[in-house]
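Following: one structure in structure tokens, then a few remarks.
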Amino acid sequence: MQLTPDNIEFDGNQERFKPGEIVRGTVSLNAPRDFHVTAIICRFKGEARTSWNGMPRAGYWHYFDKEKYLFYALSQQTHMAAGSHRLNFTYRLPDNIPPSFWSRFGDIKYLVELSVVRPGKITIRTQKMIKVIGGLDEFDWRDLQNRRSQIYSLRVNGSLFGNLGRIHYKSSLDHSSLIPGKEVNVESFIENQSSRTVEKVKVELWRKVQYFTSARFCHTTDVSKVLQISSHRLTIQPGMNRHVSHQLTLPDTIYSSFNSEIMIVSYFLCVIISTNGLLTPNVDFNMTIDIIDDVYTPTPVPQVSAPLEFPTVEDPRNIGQILNVAPTTLWAPRCRNNRRVLQIYNPVFNAYEETEEPPTYAEIEDMEDPPPRYAEVNQARER
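In the UniProt record's numbering, the protein residues as written are 1 to 383.
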């Protein structure tokens with residue numbers, strides 16, 4: 001019997017999972033003949049590794065490693081009959097794990113491994129990857145929606161003429177729609193306060209990946225261009241401004257932004273503005289963006305058909321009845337000999353005639369005796 005990744009199937013042919021989600025699937029085995037089996041094990045594993053100067057595990061981080069027995073033989077004579085067998089498995093992914101990632105300097109992978117243990121023979125194994133996408137909570141989603149555009153300003157320098165003025169740049173885009181495979185509209189506002197004429201604007205998408213060792217030392221920083229948009233030829237004279245629109249379609253194969261223990265993936269848009277003049281360098285504006293895997297979907301709140309009703313207290317509990325004291329007794333904290341005790345006060349209310357005006361407060365007589373002890377209170381209750 002041979003095992004391949006096709007022997008492991010996820011329910012509904014699900015291809016992507018989020019942190020905290022339950023992975024459900026089925027293991028299918030086709031035995032051509034009867035054979036002895038000791039155990040059938042499903043192992044769920046998640047880890048991250050980085051390589052540096054030939055060291056395959058310069059950085060290593062363990063996320064989870066869990067084994068679940070789908071079948072266990074009670075005796076060595078247990079065998080599996082010839083035919084098709086299907087076994088179900090479930091596993092809940094931990095929360096706050098980074099998404100899956102792969103590059104030549106490191107990777108983050110999650111997998112399910114199927115093992116068929118046979119007595120006296122080599123264990124048969126196969127693996128299937130679990131693709132985890134970046135999780136996004138409501139707070140992060142609101143932050144992306146409310147993120148405002150920033151104004152950038154850089155000087156235009158000439159090799160012979162020095163400072164030639166400044167170019168102001170402002171870009172606005174919906175940060176919550178930066179999803180692989182979707183189109184994003186980048187609106188730019190360019191104000192030319194230099195002595196040169198703006199002739200061309202180009203937009204590029206760059207990715208920056210930082211790899212760390214287990215001791216949090218950044219050993220490699222990989223910066224690569226992901227996408228380049230065709231440049232727009234225009235003319236912005238000195239002292240003028242103009243709005244420019246770019247359509248950006250993110251590739252389906254790019255990874256989302258994340259910050260893990262030994263890897264940091266970030267993206268930034270590079271807007272390159274070219275001016276006239278052979279000796280005038282380009283002006284580059286870098287804007288940091290966050291690429292997400294999926295749109296946040298809020299959890300629906302169940303609607304209550306009728307308002308909640310709380311029971312009405314008809315006979316309120318009187319602490320005076322418990323301690324066997326008068327209902328008109330008042331309680332107040334009092335400090336005595338640097339110790340906080342509970343002093344009992346007995347109010348005395350003076351009666352008044354209807355013609356007289358009622359008093360505005362109750363007259364209280366202070367008790368000189370200390371409060372009753374706990375044993376005396378218990379004796380009073382027993383009576």
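Ideal Cβ placement from N, Cα and C applies to all residues, glycine included.
Counted as a single uninterrupted DSSP element, the beta strand (DSSP E) harbouring E187 occupies residues 183-194.
Closest in alpha carbon position to N259, among W141, I97, D6, is I97. Annotation: the continuous alpha helix (DSSP H) that includes Q145 extends over 138-145. Of G239, K208, E204, C218, the smallest CA-CA separation from H246 is found for E204.
The DSSP-derived three-state label of D290 is coil. Taking 9 Å as the cut-off, the Cβ atoms of S153 and I167 count as close. Judged by DSSP in its simplified three-state form, S28 adopts strand.
Less than 9 Å separates the beta-carbon of K18 from that of V132. Taking the CA atoms as reference points, D34 sits about 16 Å from T123. Nearest neighbour of S257 by Cα position, chosen from L111, I40, I179, R242, turns out to be I179. Taking 9 Å as the cut-off, the beta carbon of S171 is found no closer than this to the beta carbon of L248. With contacts defined by Cβ atoms closer than 9 Å, H232 and V201 form a contacting pair. Taking a 10 Å sphere around the C-beta of G59, we find 16 or more other C-beta atoms and assign the residue as buried. For N282, no beta strand (DSSP E) encloses it, and the DSSP letter there is neither H nor E. The count of Cβ pairs closer than 8 Å, one atom from the region 187-199 and one from the region 232-241, reaches three, so the stretches are in contact.
Going by C-alpha positions, G25 is about 20 Å away from A31.
Around the Cβ of T253, a 10 Å sphere holds fewer than 16 other Cβ atoms; the residue is exposed. Take N282, set aside five residues on each side of it, and the residues of its chain with a beta-carbon closer than 6 Å to its own are I272, S274, in chain order.
Take E191, set aside five residues on each side of it, and the residues of its chain with a beta-carbon closer than 6 Å to its own are H168, N241, in chain order. Per DSSP, F268 is one residue of the beta strand (DSSP E) stretching across 263-275.
Taken in chain order, the unbroken stretches of beta strand (DSSP E) that lie wholly in the region 8-63 and span 3 residues or more are 8-10, 22-31, 39-52.
Counting the other Cβ atoms within 10 Å of the Cβ of P119 gives fewer than 16, which makes it exposed. The Cβ-Cβ distance between V244 and F285 does not fall below 9 Å. When DSSP assignments are scanned along the region 206-233, the uninterrupted stretches of beta strand (DSSP E) that are 3 or more residues long and fall wholly within it turn out to be 218-228. Cβ-Cβ distances below 7 Å link H79 to D34, F35, H36, V37 in the same chain, with the five nearest sequence neighbours on each side left out; the list follows chain order.
For D107, the enclosing beta strand (DSSP E) stretches over residues 106-117. In this structure, DSSP gives D65 an extended state, which the three-state scheme calls strand. Distance from the CA of T220 to the CA of L87, rounded to the nearest whole angstrom, comes to 44 Å. Look at S177 here: in three-state DSSP terms it is helix. In its chain, beyond the 5 residues on either side, Q210 have a beta carbon closer than 6 Å to the beta carbon of I264.
V223 sits exposed, since fewer than 16 C-beta atoms from the chains shown fall within 10 Å of its C-beta. Less than 9 Å separates the beta-carbon of T288 from that of Y267. Looking from the CA of W102, the closest CA among T50, V226, E9 belongs to T50.
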